[in-house]
Amino acid sequence: MSTRHENTVLRDIARGVVFLGGLAVTAMSMASGFIWASQSKVVLVYVAGFLSWTGYLVAHYGVTGVFVDDANGPEQKGTADKAESGHQDSGAAADTNWSLLGVLTQLRAIAPANPVRAVGFVAGIGILVVGIAVLAWYVRHENHLLGNIGSGMFLGGYVLAHYFDTGKPL
-2 MSTRHENTVL RDIARGVVFL GGLAVTAMSM ASGFIWASQS KVVLVYVAGF
48 LSWTGYLVAH YGVTGVFVDD ANGPEQKGTA DKAESGHQDS GAAADTNWSL
98 LGVLTQLRAI APANPVRAVG FVAGIGILVV GIAVLAWYVR HENHLLGNIG
148 SGMFLGGYVL AHYFDTGKPL
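Just so you know, we're using the numbering used here here: the sequence shown kicks off at -2 and counts up by one.
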């Protein structure tokens, strides 16, 4: 194995550790922050919020090499670029029909055109939504440890949906 290849492998491992570590800090901070909010512990909620965003930024850095994307950079695509990025634009996203059919139509309008990527995208959103419910359950029971399951599902669903939409986990 060449030194160059070894350096690339080590760099990829380090970036993965930074990514997962940042998400872990974010998940733990979210769960605790919600529990502390329900207990009216204001200072701890601010600490948890700071740590949650810091963890997310660290995870983002692990994936992209920067803490925040440049809003004017090539990473940001406007609606005119959606056709090039595999999105369908049926105009349904602006629809305000909140029936099940209306919601599904809106979801399909923002999902990637590739069927495999669309299924991954929708699955990620589903996991995110279920994670919110799980987190709410454990917040109600003031369980910091198991609350991490819900916040981890929320973040994991976000990462999956983002990955299947853009090709990058964050």
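Beta carbons are placed, not taken as given, at the ideal position from N, Cα and C, and that holds for glycine.
Roughly how far, in whole angstroms, is the beta-carbon of residue 147 from the beta-carbon of residue 123, given that I think they are within contact range, below 8 Å? Taking the sequence shown and counting its residues from 1, the one referred to as residue 147 is at position 150. Taking the sequence shown and counting its residues from 1, the one referred to as residue 123 is at position 126. Cβ atoms of residue 147 and residue 123 stay farther apart than 8 Å, at about 14 Å.
If you reduce the DSSP assignment to three classes, tell me which class residue 112 lands in. Within the sequence shown, the letter at position 115 stands for residue 112. Three-state result, residue 112: helix.
Same chain only: Cβ atoms within 8 Å of residue 98, ignoring 5 sequence neighbours per side: As a working note, residue 98 is residue 101 in the sequence shown. Annotation for residue 98: no residue places its beta carbon closer than 8 Å to its own, counting only its chain and skipping 5 residues before and after.
The segment 27 to 45 contacting the segment 4 to 14, beta-carbon criterion three pairs below 8 Å: At 8 Å Cβ cutoff, the stretches do not touch.
Using only the alpha-carbon positions, how far apart do residue 126 and residue 0 sit? Residue 126 sits at position 129 when you count from the first residue of the sequence shown. Residue 0 sits at position 3 when you count from the first residue of the sequence shown. Between residue 126 and residue 0, the C-alpha separation is close to 44 Å.
How close, in whole Å, do the beta carbons of residue 19 and residue 65 come, if the pair is a contact with beta carbons under 8 Å? Taking the sequence shown and counting its residues from 1, the one referred to as residue 19 is at position 22. Taking the sequence shown and counting its residues from 1, the one referred to as residue 65 is at position 68. 13 Å between Cβ atoms; not a contact.
Is the beta carbon of residue 167 sitting closer than 8 Å to the one on residue 23? Taking the sequence shown and counting its residues from 1, one reaches residue 167 at position 170. Taking the sequence shown and counting its residues from 1, one reaches residue 23 at position 26. Contact: no.
DSSP three-state call for residue 138: helix, strand or coil? One-based indexing of the sequence shown puts residue 138 at position 141. DSSP places residue 138 in coil when its eight states are reduced to three.
Would you please verify whether the beta carbon of residue 60 is less than 8 Å from any beta carbon of chain B? The chain inventory of the structure shown lacks chain B, comprising one protein chain alone.
Can the beta-carbon of residue 28 be found less than 8 Å from the beta-carbon of residue 144? Walking along the sequence shown from the start, residue 28 turns up at place 31. Walking along the sequence shown from the start, residue 144 turns up at place 147. Judged by their CB atoms, residue 28 and residue 144 are nearer to each other than the 8 Å cut-off.
Comparing alpha-carbon positions, which option in 62, 130, 57 and 156 lies nearest residue 117? Residue mapping note: residue 117 aligns to position 120 of the sequence shown, counting from 1. Sorting 62, 130, 57 and 156 by C-alpha distance to the C-alpha of residue 117 places 156 at the top.
Helix, strand or coil for residue 149? Go by DSSP, reduced to three states. As a first step, residue 149 is located in the sequence shown; it is residue number 152 there, counting from the start. Residue 149: helix per DSSP, three-state reduction.
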